[in-house]
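Inspection log for the structure reproduced underneath, given as structure tokens.
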Amino acid sequence: MSGERCLIFQRDGSMLLETASPGFAAARDALRRFAELVQSAGGYHVYRPTEVTLWGAAASGFDARQIVAVLERYGLHPPPRALIARIQELSARYGLLRLEGAPAALQLTSDDAGLVRRLAGELGLEESGGGFAVPDERRGAVKRALAERGYPVLDQAALAAAEAVDFTLRPEVRLRSYQREAVERFVALGWPGAVVLLPCGAGKTVVGVASAAALGVRTLVVTPSRTIGEQWVEHLRRLTTLPARQVGVFRRGVVPLAATVVTYQALTARGGAGLAELLDLPWGLVIYDEVHTLPADVFRQSAALQSRRRLGLTATLVREDGREREVFALVGPPAFAAPWRELERQGWIAPVDCVEVRVGPPQGREPTPARLLAAKLAAARALLARHPESPALLIAHRLQEVAALAHACEAPLITGETPAEERRRLYDAFRRGEIGRLAVSRVANAGVDLPGAALLVQLSGAFGSRQEEAQRVGRLLRPKADGEPARFYSLVGVGEGTREREFAARRQRFLVDQGYRYRVIEAGEL
Numbered sequence: 155m156s157g158e159r160c161l162i163f164q165r166d167g168s169m170l171l172e173t174a175s176p177g178f179a180a181a182r183d184a185l186r187r188f189a190e191l192v193q194s195a196g197g198y199h200v201y202r203p204t205e206v207t208l209w210g211a212a213a214s215g216f217d218a219r220q221i222v223a224v225l226e227r228y229g230l231h232p233p234p235r236a237l238i239a240r241i242q243e244l245s246a247r248y249g250l251l252r253l254e255g256a257p258a259a260l261q262l263t264s265d266d267a268g269l270v271r272r273l274a275g276e277l278g279l280e281e282s283g284g285g286f287a288v289p290d291e292r293r294g295a296v297k298r299a300l301a302e303r304g305y306p307v308l309d310q311a312a313l314a315a316a317e318a319v320d321f322t323l324r325p326e327v328r329l330r331s332y333q334r335e336a337v338e339r340f341v342a343l344g345w346p347g348a349v350v351l352l353p354c355g356a357g358k359t360v361v362g363v364a365s366a367a368a369l370g371v372r373t374l375v376v377t378p379s380r381t382i383g384e385q386w387v388e389h390l391r392r393l394t395t396l397p398a399r400q401v402g403v404f405r406r407g408v409v410p411l412a413a414t415v416v417t418y419q420a421l422t423a424r425g426g427a428g429l430a431e432l433l434d435l436p437w438g439l440v441i442y443d444e445v446h447t448l449p450a451d452v453f454r455q456s457a458a459l460q461s462r463r464r465l466g467l468t469a470t471l472v473r474e475d476g477r478e479r480e481v482f483a484l485v486g487p488p489a490f491a492a493p494w495r496e497l498e499r500q501g502w503i504a505p506v507d508c509v510e511v512r513v514g515p516p517q518g519r520e521p522t523p524a525r526l527l528a529a530k531l532a533a534a535r536a537l538l539a540r541h542p543e544s545p546a547l548l549i550a551h552r553l554q555e556v557a558a559l560a561h562a563c564e565a566p567l568i569t570g571e572t573p574a575e576e577r578r579r580l581y582d583a584f585r586r587g588e589i590g591r592l593a594v595s596r597v598a599n600a601g602v603d604l605p606g607a608a609l610l611v612q613l614s615g616a617f618g619s620r621q622e623e624a625q626r627v628g629r630l631l632r633p634k635a636d637g638e639p640a641r642f643y644s645l646v647g648v649g650e651g652t653r654e655r656e657f658a659a660r661r662q663r664f665l666v667d668q669g670y671r672y673r674v675i676e677a678g679e680l
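Put into structure tokens, the structure is as follows:
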């Protein structure tokens with residue numbers, strides 16, 4: 155037991171986890187259930203319980219008593235009373251506020267009458283009888299406002315009437331064990347909304363399709379792009395018994411299909427598909443693909459679909475702006491999450507060799523942006539030469555850097571300005587092996603299915619996020635026919651005055667928490 159103790163508690167409420175300890179892996183897996191990794195430098199990982207991580211733990215049935223037991227088991231010393239008190243308080247807030255009733259008569263209630271009275275006043279709503287009425291059109295806005303105040307709402311209200319649709323998965327479709335568990339969790343829990351977290355390449359779309367088939371209701375799928383939407387249409391037609399004519403992209407003025415796909419942009423744009431038109435349709439399930447994009451201001455209108463059952467799908471909910479709580483409020487708590495490395499060990503996703511390549515300017519030269527870019531382009535060419543048979547994706551944050559990559563590496567270029575038909579042609583050519591490399595901007599970060607990709611070279615910089623890093627590694631996770639690991643290279647500029655190493659360490663935190671390790675090499679070693 156003493157060998158397991160590898161956790162050091164700090165006065166600010168954070169916890170240091172010693173990476174060299176025999177108990178590191180077990181403690182990391184336990185901490186991941188209720189705390190966020192905030193730093194991974196040196197011999198310690200720094201974790202901190204947050205509102206959202208503690209609410210998610212409570213929603214999954216992992217309560218404050220169990221959390222404290224973890225801290226007592228792995229702590230070098232007993233956990234501080236202040237930390238225990240904070241965990242107990244925040245965990246107890248999940249379920250303290252309940253939304254009940256039918257869409258036409260919603261009521262927010264709580265056993266804490268004083269809290270209800272205070273919150274009703276802050277929201278401009280009238281308190282009565284230990285609760286207050288919530289207009290259906292404000293359902294999402296009120297839940298979001300309360301989450302921002304630190305009080306998540308347990309949404310137990312009845313849903314709007316939904317039209318049943320007679321369809322199932324095709325008999326030959328076989329779900330993987332974790333996909334089946336994710337569907338069963340979502341359907342059996344009966345929550346109005348929930349989130350399923352799976353790595354890229356693990357079949358999140360299949361989980362969404364299977365959930366719709368299990369519920370047997372008219373389904374709306376909201377996606378980040380038309381390219382991803384077309385992939386949903388293909389999956390719905392191929393995996394279910396729905397007639398092809400009953401699956402398609404939403405068009406204004408057309409009778410809704412049994413399964414309809416729309417982009418976030420079209421859903422919220424003025425003069426676009428029209429949110430009001432969609433709200434009047436009898437959806438029984440709304441699926442938010444890449445749900446981590448939902449809290450962005452431009453997508454908030456879609457939160458009005460609160461009276462429909464909701465399923466969010468994503469690889470990771472982490473956001474650098476701290477607005478994960480909005481997903482919790484607008485869609486629901488996590489219902490299922492699969493550790494990435496566990497799926498890798500089972501052979502469902504490919505192993506990935508993650509390498510940070512440190513790139514500096516020529517000896518004795520100042521690290522100006524132009525010199526660093528030139529050095530990174532040279533390193534990218536060296537990596538392509540090192541892995542000549544690997545289908546490769548080349549990615550950068552800035553459009554001018556993507557263009558420079560395309561030119562230096564003689565690769566076709568895809569950006570947000572590339573016409574949809576040209577994007578489709580290039581993606582298809584890459585899938586068929588007709589072209590061996592693509593230079594892409596952030597448009598390929600999420601959801602684009604390129605199963606053959608085995609090498610990704612990223613031009614790092616003072617940008618990016620944990621979610622973006624995870625999505626980019628996710629482009630490589632489809633299992634490879636030869637069983638070889640995929641390779642992810644992040645080219646990080648170094649030298650006096652640059653902060654790229656600092657930003658790289660921040661971006662890598664989510665993957666490090668999942669058990670990945672970044673090897674560090676110098677560009678001169680290529």
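Quick note on numbering: our numbering labels position 455 of the sequence shown as 609, and the sequence is numbered without any gaps.
For glycine and all other residues, C-beta sits at the position ideal for the given N, C-alpha and C.
Nothing here was measured: the structure is a model prediction, and the numbers come from that model.
Buried versus exposed, by CB contacts within 10 Å (16 or more), residue i
{"i": "Gly231", "result": "It is His, not Gly, that sits at residue 231 in the sequence shown. Exposed is the call here."}
{"i": "His446", "result": "buried"}
{"i": "Asp667", "result": "buried"}
{"i": "Gly514", "result": "buried"}
{"i": "His389", "result": "buried"}
{"i": "Gln333", "result": "buried"}
{"i": "Pro573", "result": "exposed"}
{"i": "Gly362", "result": "buried"}
{"i": "Glu480", "result": "buried"}
{"i": "Gly383", "result": "buried"}
{"i": "Asp309", "result": "buried"}
{"i": "Val288", "result": "buried"}
{"i": "Gln164", "result": "exposed"}
{"i": "Ser331", "result": "exposed"}
{"i": "Val105", "result": "A question about residue 105 goes unanswered here, because the residues of the chain that appear run from 155 up to 680."}
{"i": "His561", "result": "exposed"}
Beta-carbon proximity list for residue i, same chain, < 6 Å, skipping 5 on both sides
{"i": "Val503", "result": "What sits at residue 503 in the sequence shown is Ile, not Val. Within the same chain, Ile503 has close Cβ partners Pro353, Gly355, Ala356, Leu497 and Leu631."}
{"i": "Gly133", "result": "Any answer about residue 133 is impossible in this case: the structure gives the chain only from 155 up to 680."}
{"i": "Gly255", "result": "Gln261 and Ala311"}
{"i": "Leu279", "result": "Phe286"}
{"i": "Ala184", "result": "Val224"}
{"i": "Val360", "result": "Gln333"}
{"i": "Leu300", "result": "Val307"}
{"i": "Pro257", "result": "Asp290, Ala314 and Ser461"}
{"i": "Trp345", "result": "Gly486"}
{"i": "Arg247", "result": "Tyr305"}
7 Å CB neighbourhood of residue i in its chain, flanking five on each side removed
{"i": "Asp636", "result": "none"}
{"i": "Leu343", "result": "Ala489"}
{"i": "Ala427", "result": "Only weak support exists for where Ala427 lies, its pLDDT of 47 falling under 50; the value from the coordinates is given anyway. Once the five neighbours on either side are set aside, the close Cβ partners of Ala427 are Phe404, Arg406, Val416, Ala420 and Leu421."}
{"i": "Ala658", "result": "Glu510, Ser614, Ser644 and Val646"}
{"i": "Glu676", "result": "Arg512"}
{"i": "Ala367", "result": "Phe321, Thr322, Leu323 and Thr394"}
{"i": "Glu679", "result": "none"}
{"i": "Val700", "result": "What is shown of the chain runs 155 to 680, which leaves residue 700 out entirely."}
Other residues of its chain near residue i: CB distance less than 8 Å, five sequence neighbours each side excluded
{"i": "Ser264", "result": "Leu250, Leu251, Arg252, Val270, Gly284 and Gly285"}
{"i": "Gly669", "result": "Ala179, Arg182, Pro493, Trp494 and Arg495"}
{"i": "Glu281", "result": "Val270, Arg271, Ala274 and Gly275"}
{"i": "Gly197", "result": "Glu172, Thr173 and Ala174"}
{"i": "Gly157", "result": "Ser175, Pro176 and Gly177"}
{"i": "Gly606", "result": "Pro545, Phe584, Arg585, Gly587 and Arg632"}
CB-CB length for residue i against residue j, believed under 8 Å
{"i": "Leu547", "j": "Val594", "result": "6 Å"}
{"i": "Pro633", "j": "Gly501", "result": "7 Å"}
{"i": "Leu374", "j": "Trp437", "result": "5 Å"}
{"i": "Val206", "j": "Glu478", "result": "5 Å"}
{"i": "Glu622", "j": "Leu665", "result": "Actually they do not touch by this definition, with Cβ atoms about 11 Å apart."}
{"i": "Arg620", "j": "Thr470", "result": "7 Å"}
{"i": "Arg463", "j": "Leu439", "result": "5 Å"}
{"i": "Leu527", "j": "Glu564", "result": "Actually they are not in contact, since the Cβ atoms of Leu527 and Glu564 sit about 17 Å apart, beyond 8 Å."}
{"i": "Ala458", "j": "Val307", "result": "The Cβ separation is near 16 Å, so there is no contact."}
{"i": "Tyr418", "j": "Val376", "result": "6 Å"}
{"i": "Ala218", "j": "Ser245", "result": "4 Å"}
{"i": "Pro566", "j": "Ile589", "result": "6 Å"}
Quick check for students: name the residue ranges of the alpha helix (DSSP H) that lie wholly in the segment 225–285, counting only runs of 4 or more.
Within the segment 225–285, the complete alpha helix (DSSP H) runs of at least 4 residues are 235–247 and 267–277.
Under 8 Å, with one C-beta from each stretch per pair, do the segment 604–618 and the segment 627–647 reach the 3-pair mark?
The answer is yes - the segment 627–647 touches the segment 604–618, with three or more Cβ pairs under 8 Å.
Identify every run of the alpha helix (DSSP H) within the segment 330–388, keeping only runs that are complete inside it and at least 4 residues long; order them along the chain.
For the segment 330–388, the continuous alpha helix (DSSP H) assignments of 4+ residues that do not extend past its boundaries occur at 331–343 and 358–369, in sequence order.
Are there three or more Cβ pairs, one per stretch, closer than 8 Å when the segment 161–172 is compared with the segment 221–231?
Yes, they touch.
For the segment 570–586 and the segment 514–522, state whether three or more C-beta atom pairs, one from each stretch, are separated by less than 8 Å.
The segment 570–586 vs the segment 514–522: no contact.
Run through the segment 586–648 for me and flag every whole alpha helix (DSSP H) of 4 or more residues, listed as ranges in chain order.
Counting only runs of 4 or more, we get 620–628.
Quick check: the segment 289–296 against the segment 315–322, are at least 3 beta-carbon pairs closer than 8 Å?
Between the segment 315–322 and the segment 289–296, the count of C-beta pairs closer than 8 Å stays below three; the two stretches do not touch.
At 4 residues or longer, and completely inside the segment 453–492: list those alpha helix (DSSP H) runs for me, N to C.
Taking only runs of at least 4 residues, the alpha helix (DSSP H) segments lying wholly in the segment 453–492 are 478–484.
I'd like the ranges of any beta strand (DSSP E) spanning at least 3 consecutive residues and lying wholly in the segment 515–553.
546–550, all fully within the segment 515–553.
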